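Have a look at the structure below before the remarks.
Residue numbers (the working numbering), protein chains in the order written: chain Y, 1 to 251; chain U, 252 to 566.
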């Protein structure tokens with residue numbers, strides 16, 4: 001069994017339902033994403049179009065993150081999922097440097113690496129990943145790519161020639177496929193990511209990798225002093241502090 | 252508006268989440284730089300011991316492992332400090348994953364540091380016998396004094412993989428195309444020879460002129476070849492789109508461009524000519540100056556090379 005994903009970008013309407021479902025299901029902290037939907041505008045009015053690309057871990061058969069992880073925190077499950085054990089992770093960020101898809105993040109609550117696991121806990125219970133269930137147009141197709149009768153295999157066969165993976169030149173053998181994608185949507189070098197205010201939000205970079213209040217000394221003292229428990233509220237409070245700081249002329 | 256400032260056919264991201272910036276920062280630069288010194292002094296020291304009599308370099312037996320020990324501990328400290336869960340470092344030894352160059356490197360570096368610590372103690376206690384009267388450890392170390400010469404060839408051999416494993420980590424960081432060049436391994440060796448010779452120059456005041464000339468030669472060769480390799484990679488070695496985009500970013504100017512060229516002039520070009528001139532007519536002060544510049548310059552260039560591929564969005 002080899003579980004895989006296929007996203008039909010012709011169907012995706014960019015509602016971000018999958019993104020939210022993933023956040024809720026996996027309690028992903030603010031400022032981190034296991035799955036995100038990127039909007040890309042192509043062309044110039046009146047010949048313009050907008051594409052929506054859901055991006056998540058590709059669960060590669062030849063996963064660079066698994067290879068570089070020094071403690072096997074990243075490991076394969078029998079069903080092909082590249083899973084992560086947060087209890088073992090040392091937070092070296094090697095996996096973040098190895099993943100060609102930028103799919104791994106440093107969880108600011110646990111200060112360990114984390115990523116999409118195809119909702120391995122749900123799969124174990126016979127359920128579909130949360131993002132699949134949430135998609136209103138069934139653009140997310142999930143199943144066993146080694147089973148010729150599975151929906152995903154049938155879909156791949158029906159769309160032969162139009163099925164793509166991201167960065168095939170990396171030889172990672174991803175188990176995440178796209179239909180209806182193009183270079184503009186799947187290759188990050190084929191579109192510009194201009195920082196600043198755009199459609200709805202301020203396109204920017206993260207302030208820190210992991211918890212920005214977890215400095216060098218905190219990393220060593222946390223087990224003894226009891227590092228304050230972080231939750232989404234503390235992240236909101238932190239963001240409010242930053243705003244007021246900016247109002248005071250800080251940066 | 253964004254869409255009118257670029258070519259009509261070009262695609263623009265209009266909604267996205269914040270992406271991580273630099274993940275491996277100055278601590279990793281310092282880590283690599285210190286490791287180059289820690290292994291470089293052993294490699295250069297071995298060459299000097301092969302070429303010259305011990306009497307030509309009276310303090311080499313204890314200064315070489317001492318410098319290496321200090322540098323390696325800086326390297327290990329910042330390796331640890333850079334971890335988000337530093338206490339879990341022990342997992343590398345309890346749950347090693349041998350396909351990872353990080354694991355292999357951690358084991359090799361730990362073994363190397365252990366052996367260097369023993370050499371430092373033997374070398375130090377042999378050089379300062381008065382310690383033996385007051386220190387019981389010194390007496391025990393005296394008993395294994397011959398271990399220094401027996402273990403040294405193995406330690407020199409071990410210094411090579413300890414120097415180069417970082418290149419393998421960079422190769423395994425497959426998201427960063429700039430580091431995928433096989434030349435990274437040689438770049439690590441040259442870096443070690445460069446700062447190894449530079450560090451030994453700083454303690455070579457009492458050495459024979461011939462030994463210092465050899466140090467100048469190594470510094471000149473290492474800076475020259477390292478410079479040539481950087482230039483090749485910087486200007487024309489890459490065909491991959493990601494590496495080209497990374498380098499185009501630096502070529503276009505900005506902080507990293509300034510830091511790179513500042514490092515190149517300071518750490519490679521100037522020390523090369525100073526070392527070369529020192530081989531013709533000796534000037535200890537200028538040679539020391541060249542050594543300090545080489546140490547600073549290598550840090551700057553390594554810092555740029557580490558950070559620039561991380562500026563590129565991966566998705």
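Glycine residues also receive a C-beta, built at the ideal position from the N, C-alpha and C atoms.
Bear in mind that the values here come from a model prediction, so they are computed numbers and not experimental data.
Residue i burial status per 10 Å Cβ neighbour count (16 or more: buried)
i             : result
residue 349/U : exposed
residue 385/U : exposed
residue 514/U : buried
residue 105/Y : buried
residue 371/U : buried
residue 506/U : exposed
residue 173/Y : exposed
residue 556/U : buried
residue 567/U : Look at the range of chain U in this structure, 252 to 566, and you will see that residue 567/U is not part of it.
residue 283/U : buried
residue 247/Y : At residue 247/Y the pLDDT is 42, less than 50, meaning the model places this residue with poor confidence; the figure from the coordinates comes in the next sentence. It is exposed - the Cβ of residue 247/Y has fewer than 16 other Cβ atoms within 10 Å.
residue 267/U : buried
residue 252/U : In this prediction, residue 252/U scores a pLDDT of 42, lower than 50, which makes its location untrustworthy; no coordinate-derived value is stated.
residue 4/Y   : buried
residue 107/Y : buried
residue 149/Y : exposed
residue 410/U : buried
residue 287/U : buried
residue 244/Y : Because the pLDDT of residue 244/Y is 44, which lies under 50, any placement of that residue in the model is unreliable, and the question is left without a value.
residue 491/U : exposed
residue 548/U : buried
residue 550/U : buried
Selected residue, minimal CA-CA separation from residue i, among the options
i             : options                    : result
residue 180/Y : 146/Y, 140/Y, 95/Y         : 140/Y
residue 313/U : 297/U, 328/U, 302/U, 528/U : 297/U
residue 290/U : 446/U, 280/U, 433/U        : 446/U
residue 185/Y : 29/Y, 30/Y, 49/Y           : 49/Y
residue 530/U : 498/U, 463/U, 286/U        : 463/U
residue 162/Y : 2/Y, 3/Y, 7/Y, 1/Y         : 7/Y
residue 541/U : 406/U, 520/U, 265/U, 554/U : 520/U
residue 9/Y   : 209/Y, 225/Y, 177/Y, 217/Y : 177/Y
residue 93/Y  : 34/Y, 191/Y, 114/Y, 22/Y   : 114/Y
residue 69/Y  : 352/U, 562/U, 279/U        : 352/U
residue 401/U : 389/U, 391/U, 366/U        : 366/U
residue 495/U : 424/U, 434/U, 560/U, 388/U : 560/U
residue 72/Y  : 442/U, 452/U, 346/U        : 346/U
residue 545/U : 498/U, 469/U, 319/U        : 469/U
residue 112/Y : 214/Y, 225/Y, 192/Y        : 214/Y
residue 1/Y   : 151/Y, 156/Y, 147/Y, 117/Y : 147/Y
residue 389/U : 466/U, 369/U, 310/U, 407/U : 369/U
Interface partners of residue i on chain Y, CB under 9 angstroms
i             : result
residue 272/U : 205, 206, 207, 208, 209
residue 285/U : Simply none; closest approach about 16 angstroms.
Residues that residue i contacts on chain Y, provided the C-beta gap is smaller than 7 angstroms
i             : result
residue 292/U : Here the premise fails: no neighbours, minimum Cβ distance about 27 angstroms.
residue 275/U : 93, 97
residue 493/U : 189
Contact list for residue i against chain Y, beta-carbon separation under 8 angstroms
i             : result
residue 346/U : 71, 72, 88
residue 566/U : 38, 55, 101, 102, 103, 166, 188
Interface partners of residue i on chain U, CB under 8 angstroms
i             : result
residue 216/Y : 332
residue 81/Y  : Within chain U, no residue comes near residue 81/Y; the closest Cβ sits about 18 angstroms away, beyond 8 angstroms.
Under 7 angstroms by beta carbon: chain U residues contacting residue i
i             : result
residue 220/Y : 337
residue 136/Y : Correct list: empty, because the minimum Cβ distance to chain U is about 18 angstroms.
Heavy atom of the ligand NAD within 7 angstroms of residue i beta-carbon
i             : result
residue 497/U : The ligand NAD is not part of this structure, which contains no ligands at all.
Please identify, using Cβ separations under 8 angstroms, the residues of the stretch 104-133 of chain Y that lie next to chain U, in order along the chain.
Here the close residues are 105, 106, 111, 112.
Would you call the stretch 451-469 of chain U in contact with the stretch 477-485 of chain U, where contact means no fewer than 3 C-beta pairs closer than 8 angstroms?
Short answer: they don't touch.
Of all the residues that make up the stretch 330-343 of chain U, which are near chain Y by a beta-carbon distance shorter than 8 angstroms?
Within the stretch 330-343 of chain U, the residues whose Cβ lies closer than 8 angstroms to any Cβ of chain Y are, in chain order, 332, 333, 334, 335, 336, 337, 338, 339, 340, 342, 343.
If contact means a Cβ-Cβ distance below 7 angstroms, which residues of the stretch 298-320 of chain U contact chain Y?
Along the stretch 298-320 of chain U, none of the residues has a CB nearer than 7 angstroms to a CB of chain Y.
Contact between the stretch 417-427 of chain U and the stretch 349-364 of chain U (3+ Cβ pairs under 8 angstroms):
Yes, the stretch 417-427 of chain U is in contact with the stretch 349-364 of chain U.
Where the stretch 182-205 of chain Y meets chain U: residues whose CB sits under 7 angstroms from a CB there:
Listed by position along the chain: 184, 188, 189, 190, 191, 192, 193, 194, 198, 199, 200, 201, 203, 204, 205.
Stretch pair the stretch 314-334 of chain U + the stretch 199-212 of chain Y: three plus CB contacts closer than 8 angstroms
The answer is no - the stretch 199-212 of chain Y does not touch the stretch 314-334 of chain U, with fewer than three Cβ pairs under 8 angstroms.
Could you name the residues of the stretch 142-175 of chain Y whose beta carbon sits closer than 7 angstroms to any beta carbon of chain U, in the order they occur along the chain?
So the list reads 170, given in the order they occur along the chain.
Report the residues of the stretch 26-50 of chain Y with a CB closer than 9 angstroms to any CB of chain U, ordered along the chain.
Contacts with chain U (Cβ-Cβ distance below 9 angstroms) from the stretch 26-50 of chain Y involve 31, 32, 33, 36, 37, 38, 39, 40, 41, 42, 43, 44, 45, 47, 48, 50, listed in chain order.
Is it true that the stretch 51-64 of chain Y meets the stretch 11-21 of chain Y, where meeting means three or more beta-carbon pairs spaced less than 8 angstroms apart?
Taking 8 angstroms as the limit for Cβ pairs, the verdict is that the stretch 11-21 of chain Y does touch the stretch 51-64 of chain Y.
Inter-stretch contact (C-beta, 8 angstroms, three-pair minimum) for the stretch 260-271 of chain U and the stretch 26-45 of chain Y
Pairwise C-beta distances place the stretch 260-271 of chain U in contact with the stretch 26-45 of chain Y, as three or more of them are shorter than 8 angstroms.
Would you check if there are 3 or more beta carbon pairs closer than 8 angstroms linking the stretch 360-380 of chain U to the stretch 131-140 of chain Y?
Result no; under three Cβ-Cβ pairs closer than 8 angstroms.
Looking at chain Y, which residues of the stretch 351-362 of chain U have a Cβ within less than 8 angstroms of any of its Cβ atoms?
Those would be 351, 352, 353, 354, 357, in chain order.
Interface residues of the stretch 404-428 of chain U facing chain C [CB-CB below 8 angstroms]:
The chain inventory of the structure shown lacks chain C, comprising the protein chains Y and U.
Flag this pair as touching only if the stretch 55-73 of chain Y and the stretch 86-101 of chain Y have three or more C-beta atom pairs under 8 angstroms; answer yes or no.
Touching, yes.
So if I threshold CB-CB distances at 7 angstroms, which residues from the stretch 539-562 of chain U count as touching chain Y?
For the stretch 539-562 of chain U, which is checked against every Cβ of chain Y, not one residue is closer than 7 angstroms.
Counting only Cβ-Cβ distances shorter than 8 angstroms, please list the residues of the stretch 428-452 of chain U near chain Y, keeping chain order.
When CB distances to chain Y are screened at a threshold of 8 angstroms, not a single residue of the stretch 428-452 of chain U falls below it.
Any 3 or more C-beta pairs closer than 8 angstroms across the stretch 328-347 of chain U and the stretch 218-227 of chain Y
Yes: at least three Cβ pairs fall under 8 angstroms.
Is the stretch 326-334 of chain U touching the stretch 271-286 of chain U, taking contact as three or more C-beta pairs under 8 angstroms?
When C-beta atoms of the stretch 326-334 of chain U are compared with those of the stretch 271-286 of chain U, three or more pairs fall below 8 angstroms, so the two segments count as touching.
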